[in-house]
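Engineer: Counting in the working numbering, the final residue of the first sequence is number 665, and the numbers go up one at a time with none missing. Shown below is the structure under consideration.
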Amino acid sequence: MTILQWNCRGFRANFQELKTLVAQKDATVLCLQEIKVKDSDSCSLNGFNTFKKYTLGIDGRAVGGAAVLIKKDAPHQHIPLTTNLQAVAVRVTLHRLLTVCSIYLPPGRSHGDLVELDRLVQQLPPPLLLLGDFNAHSELWGSEEPRPSGRVVEDFIAGNDLSILNTESQTYRHPASGSFTVIDLSLCSPSAHIDFTWEVDTDQHGSDHFPIFITNHKVIFTDGSKSDSAVACSATADNLRIQIRLPDSASIFSAELLAIYQVLTLLECSTNDQQQFLIATDSLSSLQAIGNFNIKHPYVFKILEKCTLLHKKGIDLVMAWCPSHVGVMGNERADLLAKEALSFTTYQFCHEHLPLVDMETNPFLRIQQQNGKYVASIAKHNIWVEIVYTKTLEIKNLVWSKNKPENVKPRKGELRKPDDCPICNVDRPEDDSAGINIYTDGSNSNDAVACAFTCCTYQTQFGLPDQMLIYRAELNEWDEETDNKLHSVQPVISEWKQDAQMDRRGEIVMARARIGHSHLTHGYLLRRERANDKDLENITRLWFQLGEADDFRPLPESHGRSGEQMDHPQEDCVYRPLPPPCRECRLLNKVQHLLRVESEPLEVCERRATTPITGVPRTPVKSAPNDFSRNGPPSIAPLIAGAKKLESDEVACCPLCQVAFLPG
DNA sequence: ATGTGGGAGGCCTAACTACC
DNA sequence: GGTAGTTAGGCCTCCCACAT
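Written out as structure tokens, the structure is:
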């Protein structure tokens, strides 16, 4: 169910766009402003009932105005209003009984409007949706420059205990200046806030305001609970009730994530017509981990994977944070269910994953990192398995059993029959002849690294494809982008090799060098100018593939005294460290190297200073013979060797082009 | 000196009107 | 019915007066 809110800037002017929008979004309710129709004018849409409030200008023309259009099959009733404001309201039954009011406030209003707005709200039975163009600017809803009109609306919102559905997306674009502002507001009663998500269209569809879609999602609440001895999670909605007890060693974070994952699994199998869901959790850390693609926890990856699948099925899924213990009914219900599940005697958690960081707290499991690999032991039963490290695993507080036998190697499909399950600690009856099977396996292919434990109560598998599923999708798209100039730099997406010793600035320089950007070639971008012929020529000259060479690593500041780089260091002479050549010169010389230009002097960039820098004696620097083929990329050692004793008041400049470095 | 509020001016566009 | 011209609304930016 979707509600369309739009200042359409003339109903007739943008009628076709409106029809397209309604069909695309299958909107049930339309709240329009600036309809600009008279009483005698038609303001109707097939299948909709129209309720409008029109106004006339001083010459009798239709100006402003507001309207609510509601699908005829939705039960509704018009609410007559006693107000001077351009507002119209309807009581309608959607997923619940709601009052929907469309309002248009022309610009340039006074505090007298506050009284009128208060009078209006008193006539609207809650729960209420008040949607319209308020022509008000406030930081509360994302305006950069608050204005008096915004304060009037702020007071109105605060005084009537209303919630703002707006995110900070811009809703208006001024045609003349192209500036964006937020002047359309979607207000609602607090109890209705969780029911809706708010989204602005990317196109204005002929108006100067962007259409806003307010979508009602089916809300599913999830929660996790942990006591001294047990961990559980739950999910609840109208006809949904999930309660799961996790292994006692699980963290509350795992419980919260498992609840979300179980809901997603259920949605994947659901044949319900409902296509829009909102998962409300009180675990902000879970949402942050999911939102930031922080896949250290296996469940985060699995949740993202499920989200991708659901999205492909056309299911609109939203996750939102819901404060706990403040009286939100759904959250309280989920909390109760989770606490109830703590006392379950059976573990329903049988086929899913737990991160090692959770299992590590199991008193029978010991994990240690050895030679870059993790080795786990189930100490009680003397079972050893090597765990192949993956990026998803983070081991904390490692504990190592002293009883580790020598030369332990993992064995595929190893079978043991311990007395009880070493992982979940469930006691097994003595006459259980089958005992408990624990299978371990390790796998390492081009696609993934993983290992697995299987026991009586649950199976756990570690690891994931080395690159995320989403990442793989990007890879496929990138493969098709062959006409992209960056494609030649990075034809295959893979993990970017980073130099641990390189600082942030060095990384930026390297990144720019990789894509061929420099002040010389793309300085016009930094100066916010148009590229001239000379810039374009430079780009053509310098566009190259630097590959993974890291010769441009910033040199240590003390290189001027380095014995390695100075052939004949003069011990009795105090040298000020000579700076490395400027980026342009280094880039030019790298190009020279890549093009295998030999026996040529070091290239000097085209910024070469034409006039001496004030107060700096211009000391010509002799270029050393180039021998890149034997010695690799250009070195600045010859320059340093030829450095003169520098005065303390000299300005630092590039030893090649002699252009002074800018301060800082 | 700084912040705030209001008005003037400018630009764009829908509505309206006159004309063909 | 189509088109061109006119008008005024809508909303921005800029400027100025006033208050703190």
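We treat Cβ as the ideally placed atom computed from N, Cα and C, and that holds for glycine. Keep in mind that this is a model prediction, so the values were computed, not measured.
Could you tell me if residue 196 is buried or exposed, where buried requires 16 or more neighbouring beta carbons within 10 angstroms of its beta carbon?
Structural biologist: Along the first sequence, read from residue 1 onward, the residue named residue 196 stands at position 195. Burial call: buried.
Engineer: To the nearest angstrom, how far is it from the Cα of residue 56 to the Cα of residue 63?
Structural biologist: In the first sequence, counting from the first residue as 1, residue 56 sits at position 55. In the first sequence, counting from the first residue as 1, residue 63 sits at position 62. Straight-line Cα distance between these residues: approximately 6 angstroms.
Engineer: Look up residue 213 in the DSSP assignment and say whether it is helix, strand or coil.
Structural biologist: On the first sequence, position 212 is the one that residue 213 refers to. It is a strand residue.
Engineer: Can you give me the start and stop residues for the beta strand (DSSP E) that residue 334 sits inside?
Structural biologist: Here residue 334 refers to the residue found at position 333 when the first sequence is read from its first residue. Per DSSP, residue 334 belongs to no beta strand (DSSP E); it is in the alpha helix (DSSP H), 330-342.
Engineer: Where does residue 175 land, buried or exposed, given buried means 16+ other C-beta within 10 angstroms?
Structural biologist: Residue 175 sits at position 174 when you count from the first residue of the first sequence. Burial call: exposed.
Engineer: Alpha carbon to alpha carbon, what distance is there between residue 240 and residue 281?
Structural biologist: Residue numbering aside, residue 281 sits at position 280 when the first sequence is read from its first letter. Residue numbering aside, residue 240 sits at position 239 when the first sequence is read from its first letter. Roughly 16 angstroms between the two C-alpha positions.
Engineer: Please classify residue 187: does DSSP put it in a helix, a strand, or coil?
Structural biologist: By 1-based counting over the first sequence, the position of residue 187 is 186. Strand.
Engineer: Restricting to runs no shorter than 3 residues, where is the beta strand (DSSP E) found entirely within the segment 59-107?
Structural biologist: Qualifying beta strand (DSSP E) stretches, in chain order: 63-72, 77-80, 87-94 and 98-105.
Engineer: Taking all protein chains shown into account, do 16 or more other C-beta atoms lie within 10 angstroms of the C-beta of residue 320, making it buried, or fewer, making it exposed?
Structural biologist: Translated into positions along the first sequence, residue 320 becomes position 319. Buried, since its Cβ has 16 or more Cβ neighbours within 10 Å.
Engineer: What I want to know is whether the C-beta of residue 39 ends up closer than 7 angstroms to one or more non-hydrogen atoms of the ligand HEM.
Structural biologist: Inclusion of the ligand HEM in the displayed structure is not the case, the ligand content being empty and no account of it being possible.
Engineer: Where residue 289 and residue 277 are concerned, what is the direct C-alpha to C-alpha distance, given to the nearest angstrom?
Structural biologist: To locate residue 289, count along the first sequence from 1; it is residue 288. To locate residue 277, count along the first sequence from 1; it is residue 276. Roughly 21 angstroms separates the two Cα atoms.
Engineer: Candidates 223, 330 and 231: which alpha carbon is nearest residue 285's?
Structural biologist: By 1-based counting over the first sequence, the position of residue 285 is 284. Here the closest residue by C-alpha is 223.
Engineer: Could you please give me the residues that DSSP links to residue 54 through a beta bridge?
Structural biologist: The count along the first sequence starts at 1 and reaches residue 54 at position 53. Its beta-bridge partners are 67.
Engineer: Is the distance from the Cβ of residue 18 to the Cβ of residue 206 below 8 angstroms?
Structural biologist: By one-based count along the first sequence, residue 18 stands at place 17. By one-based count along the first sequence, residue 206 stands at place 205. Result yes, Cβ atoms of residue 18 and residue 206 sit closer than 8 angstroms.
Engineer: So which of 99, 78 and 123 has the shortest CA-CA distance to residue 84?
Structural biologist: Looking up residue 84 in the first sequence gives position 83. The option with the nearest alpha carbon to residue 84 is 123.
Engineer: When the distance is taken between beta carbons, is residue 161 closer than 8 angstroms to residue 119?
Structural biologist: Looking up residue 119 in the first sequence gives position 118. Looking up residue 161 in the first sequence gives position 160. Yes, the Cβ-Cβ distance between residue 119 and residue 161 is below 8 angstroms.
Engineer: Which same chain residues, not among the five before or five after residue 140, have their C-beta less than 7 angstroms away from its C-beta?
Structural biologist: Translated into the one-based positions of the first sequence, residue 140 becomes position 139. 147.
Engineer: Counting C-beta neighbours from all protein chains within 10 Å, is the total for residue 242 16 or more, i.e. buried, or is it exposed?
Structural biologist: Here the question's residue 242 lines up with position 241 in the first sequence. By the 10 Å Cβ count, residue 242 comes out exposed.
Engineer: Under 6 angstroms Cβ to Cβ from residue 190, same chain only, skipping five residues before and after it: list those, please.
Structural biologist: Your numbering for residue 190 matches position 189 in the first sequence. Around residue 190: 127, 128 and 129.
Engineer: In the DSSP output, which residue or residues are listed as bridge partners for residue 134?
Structural biologist: As a working mapping, residue 134 is identified with position 133 in the first sequence. 105 and 185, per the DSSP bridge assignment.
Engineer: Is it right to say residue 169 is buried, meaning 16 or more other beta carbons lie within 10 angstroms of its own, or is it exposed?
Structural biologist: The residue you call residue 169 lines up with position 168 of the first sequence. Residue 169 should be labelled exposed.
Engineer: Thinking C-alpha only, which one of 200, 212 and 145 is nearest residue 182?
Structural biologist: Numbered from 1 along the first sequence, position 181 holds the residue referred to as residue 182. When only C-alpha atoms are compared, the closest one is 145.
Engineer: When you compare only the Cα positions, how much space is there between residue 203 and residue 11?
Structural biologist: Translated into positions along the first sequence, residue 203 becomes position 202. Translated into positions along the first sequence, residue 11 becomes position 10. Rounded to the nearest angstrom, the two C-alpha atoms are 19 angstroms apart.
Engineer: Assign residue 150 to one of three DSSP states: helix, strand, or coil.
Structural biologist: By 1-based counting over the first sequence, the position of residue 150 is 149. Residue state, collapsed to three classes: helix.
Engineer: Just tell me which of 149, 213 and 267 has its CA closest to the CA of residue 188.
Structural biologist: Along the first sequence, read from residue 1 onward, the residue named residue 188 stands at position 187. Nearest option by C-alpha distance: 213.
Engineer: The beta strand (DSSP E) with residue 251 in it runs from where to where?
Structural biologist: Within the first sequence, numbered from 1, the residue matching residue 251 stands at position 250. Segment: none, residue 251 is in no beta strand (DSSP E) and carries neither H nor E.
Engineer: Determine whether the beta carbon atoms of residue 103 and residue 93 lie at a separation below 8 angstroms.
Structural biologist: If you number the first sequence from 1, residue 103 lands on position 102. If you number the first sequence from 1, residue 93 lands on position 92. No. Outside cutoff.
Engineer: Which same chain residues, not among the five before or five after residue 52, have their C-beta less than 6 angstroms away from its C-beta?
Structural biologist: Stepping through the first sequence from its first residue, residue 52 is reached at position 51. For residue 52, where only same-chain residues beyond five positions count, the Cβ hits under 6 angstroms are 69, 79, 89 and 91.
Engineer: As a quick exercise: from 283, 15 and 21, pick the residue whose alpha carbon is nearest that of residue 208.
Structural biologist: Mapped onto the first sequence, residue 208 falls at position 207. The candidate whose alpha carbon is nearest that of residue 208 is 15.
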